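Asker: Add 1 to a position in the sequence shown, counting from 1, and you land on the number used in our numbering.
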Amino acid sequence: MDNLILVTGGAGFIGSHTCVALSAAGYRPLILDNLNNSDVRVLERLAKITGRPPSFIKGDVRDRTLLDRIFREHNISGVMHFAGLKAVGDSVTDPILYYGNNVTGALVLAEAMQAAAVKTLIFSSSATVYGTPERSPIPESAPCRPANPYGRSKRMVEQMLADLQHSQPDWRISLLRYFNPVGAHQSGLIGEHPLGNPNNLMPLVSQVAVGVRDQLAVHGNDYPTHDGTGIRDYVHVMDLAEGHVAALRHAASGPGLVTLNLSTGQGASVLDVVKAFERASGQRIAYEVGPRRPGDVAAYWGDPSLAQVTLGWRARRGMDQMCADTWRWQQQNPQGYESDGAL
Ligand code: NAD
Ligand code: UD1
2 MDNLILVTGG
12 AGFIGSHTCV
22 ALSAAGYRPL
32 ILDNLNNSDV
42 RVLERLAKIT
52 GRPPSFIKGD
62 VRDRTLLDRI
72 FREHNISGVM
82 HFAGLKAVGD
92 SVTDPILYYG
102 NNVTGALVLA
112 EAMQAAAVKT
122 LIFSSSATVY
132 GTPERSPIPE
142 SAPCRPANPY
152 GRSKRMVEQM
162 LADLQHSQPD
172 WRISLLRYFN
182 PVGAHQSGLI
192 GEHPLGNPNN
202 LMPLVSQVAV
212 GVRDQLAVHG
222 NDYPTHDGTG
232 IRDYVHVMDL
242 AEGHVAALRH
252 AASGPGLVTL
262 NLSTGQGASV
272 LDVVKAFERA
282 SGQRIAYEVG
292 PRRPGDVAAY
302 WGDPSLAQVT
312 LGWRARRGMD
322 QMCADTWRWQ
332 QQNPQGYESD
342 GAL
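#1: Assess, as a yes-or-no matter, whether the stretch 179-198 is touched by the stretch 324-337 under the definition of 3 or more beta carbon pairs within less than 8 Å.
#2: Under 7 Å Cβ to Cβ from Ala343, same chain only, skipping five residues before and after it: list those, please.
#3: Consider the C-beta atom of Leu176 and the heavy atoms of the ligand NAD; say whether any pair is separated by less than 7 Å.
#4: Name the residue from Thr129, Phe14, Phe72 whose alpha carbon lies nearest to the alpha carbon of Arg46.
#5: Using DSSP with H/G/I as helix, E/B as strand and the rest coil, what is Ile286?
#6: Mapping DSSP to helix, strand and coil, what is His237?
#7: Excluding five sequence neighbours on each side, which residues of the same chain lie with their C-beta closer than 7 Å to the C-beta of Thr105?
#8: Could you have a look at Ser17 and say whether DSSP puts it in helix, strand or coil?
#9: Does the distance from the C-beta atom of Tyr224 to that of Ala299 stay below 8 Å?
#10: Smallest Cα separation from Pro144: which of Arg153, Lys120, Val130?
#11: Just checking Arg63 against the ligand NAD - is the residue's beta carbon closer than 7 Å to any of the ligand's heavy atoms?
#12: Please state whether DSSP places Thr105 in a helix, a strand or coil.
#13: Can Gly197 be considered in contact with the ligand NAD, in the sense that its beta carbon sits closer than 7 Å to one or more heavy atoms?
#14: Taking 7 Å as the line, does the beta carbon of Ser127 fall inside it for any heavy atom of the ligand NAD?
#15: Leu31 and Leu5 - do their beta-carbons sit closer together than 8 Å?
#16: Please list the segments of the alpha helix (DSSP H) lying wholly inside the stretch 13-64, counting only runs of 4 or more residues, in order along the chain.
#17: Between which two residues does the beta strand (DSSP E) harbouring Ser142 extend?
#18: Enumerate in chain order the residues of its own chain whose CB-to-CB distance from Gln208 is below 7 Å, with the five nearest sequence positions on each side excluded.
#19: Kindly indicate which residue of Arg29, Pro199, Ser39 has the alpha-carbon position closest to the one of Thr51.
#20: Taking the straight line between their C-alpha atoms, what separation do you get for Arg357 and Val93?
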């Protein structure tokens, strides 16, 4: 069998949805996750969606001995590397933790892959590598000037993998730069359940809708945008997941390195998201306009045309579906995977 894919961080938000897309496309995911930001109960939800429990190993991607054993014991044809830490603020407070997880994690993984002669790798990068962009839509050729340790850790891994592919041209590497992933699987069985206090817009909006929070703080309405609030390129997590499958198929066509935006090419403002969520949920989203959030960019969105041409992939789900699917997940699982109502 040559369809076994090691999915590091596969218990997390994007990784779990990608496991669904992998299964639908005939691949078998093998999840490696230390569960530091996820819940093992996602596995039973995945089993319910796909009809088959995914293989799972609890462990750390920095554990070389474990990785060697995994590659020895399983006939893995490719790796999707989602495992990492992603909270920008925490990366400023504890940069060593971030470089350790994100950079060392990718380095140890690449070493183990090289030793095992597994040379197909899809890496979770981020639009955050662009920093404050000069213009939108942002093409992949835009300068990379990440503004915080998290963004720099992603950029360092991109550079390391590009150097690796340059030195060993038989590698097949995809660096996928995600814009703002939101939404959930349409079953409502899996979704994003941020541990602690979320900072991202969509989880906060859905918590207001379900009544966990009283209101949303809108971070500034004096930006030069159509309604004064910040604009981002929100992309449905199932579209992202399908983008990964498309990247895997592309890798099968030959060696090389591709760097691609996974984005919709369209921006939505904070108030656009609020209104779409109100439509999807039938709930009123109370909000109060506050000051700008330090470090925020007024508006940016990505140019998805290279991904379209290279992978034949494009985002198909719009903002209304992003909100409807987030709402279904939130309503059925107000306590995330602790909720059993959906099972
Ligand atoms: P997530 O936290 O839900 O998933 C990451 C998973 O990796 C978690 O299950 C966590 O337990 C696991 N993990 C972390 N460190 C690990 C380690 N050292 N060993 C093994 N497992 C480990 O995050 P997500 O939103 O699914 O993001 C997945 C990837 O995509 C991350 O690399 C993230 O930086 C990147 N990304 C995310 C976003 C976003 O907004 N969600 C945007 C751009 C890029
Ligand atoms: C954040 C991260 C970025 C990451 C991205 C996607 C920072 C500095 N950047 O960016 O690295 O890739 O998420 O996960 O954290 N907003 C409000 N009120 C809120 C929360 C957000 O008005 O309570 C606004 C923000 O000002 C922004 C928009 O909503 O205009 C989106 O914010 P957010 O979801 O945090 O994403 P990013 O700012 O793009």
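Even for Gly, the Cβ is constructed at its ideal location relative to N, Cα and C. Source: prediction; values computed, not measured.
Answerer: Looking at the atomic coordinates:
#1: yes
#2: The residue you call residue 343 lines up with position 342 of the sequence shown. Confidence at Ala343 is low in this model, with a pLDDT of 49, below 50, so the placement of that residue is unreliable and no value is reported for it.
#3: Within the sequence shown, residue 176 is the residue found at index 175, counting from 1. It does not: the Cβ of Leu176 is nowhere closer than 7 Å to a heavy atom of the ligand NAD.
#4: Taking the first residue of the sequence shown as 1, we reach residue 46 at position 45. Nearest option by C-alpha distance: Phe14.
#5: On the sequence shown, residue 286 is found 285 positions in, with the first residue counted as 1. Per DSSP, reduced to three states, the secondary structure at Ile286 is coil, with no helix or strand assignment.
#6: Locating residue 237 in the sequence shown gives position 236, where the first residue counts as 1. Correct three-state label for His237: strand.
#7: Walking along the sequence shown from the start, residue 105 turns up at place 104. Same-chain partners within the cutoff: Arg63.
#8: To locate residue 17, count along the sequence shown from 1; it is residue 16. Note: Ser17 maps to helix in three-state DSSP.
#9: For the purposes of this step, residue 224 is identified with residue 223 of the sequence shown, where counting begins at 1. For the purposes of this step, residue 299 is identified with residue 298 of the sequence shown, where counting begins at 1. In contact: Tyr224 and Ala299 (Cβ atoms closer than 8 Å).
#10: Position 143 of the sequence shown, counting from 1, holds the residue named residue 144. Out of Arg153, Lys120, Val130, Val130 has the C-alpha closest to the C-alpha of Pro144.
#11: Your numbering for residue 63 matches position 62 in the sequence shown. Yes, the ligand NAD has a heavy atom inside 7 Å of this Cβ.
#12: Within the sequence shown, residue 105 is the residue found at index 104, counting from 1. Of the three classes helix, strand and coil, the one that applies to Thr105 here is helix, per DSSP.
#13: Residue 197 sits at position 196 when you count from the first residue of the sequence shown. No; taking the cut-off as 7 Å, the Cβ of Gly197 has no heavy atom of the ligand NAD nearer than that.
#14: Working through the sequence shown from its first residue, we reach residue 127 at position 126. It does: the Cβ of Ser127 is within 7 Å (strictly closer) of some heavy atom of the ligand NAD.
#15: Within the sequence shown, residue 5 is the residue found at index 4, counting from 1. Within the sequence shown, residue 31 is the residue found at index 30, counting from 1. Cβ distance < 8 Å, so Leu5 and Leu31 count as in contact.
#16: 14-25, 43-51
#17: Taking the first residue of the sequence shown as 1, we reach residue 142 at position 141. Per DSSP, Ser142 belongs to no beta strand (DSSP E) and is neither H nor E.
#18: If you number the sequence shown from 1, residue 208 lands on position 207. Correct list, in chain order: Arg214.
#19: Working through the sequence shown from its first residue, we reach residue 51 at position 50. Closest option to Thr51, Cα to Cα, is Arg29.
#20: The question about residue 357 has no answer, for the chain in this structure spans 2 to 344.
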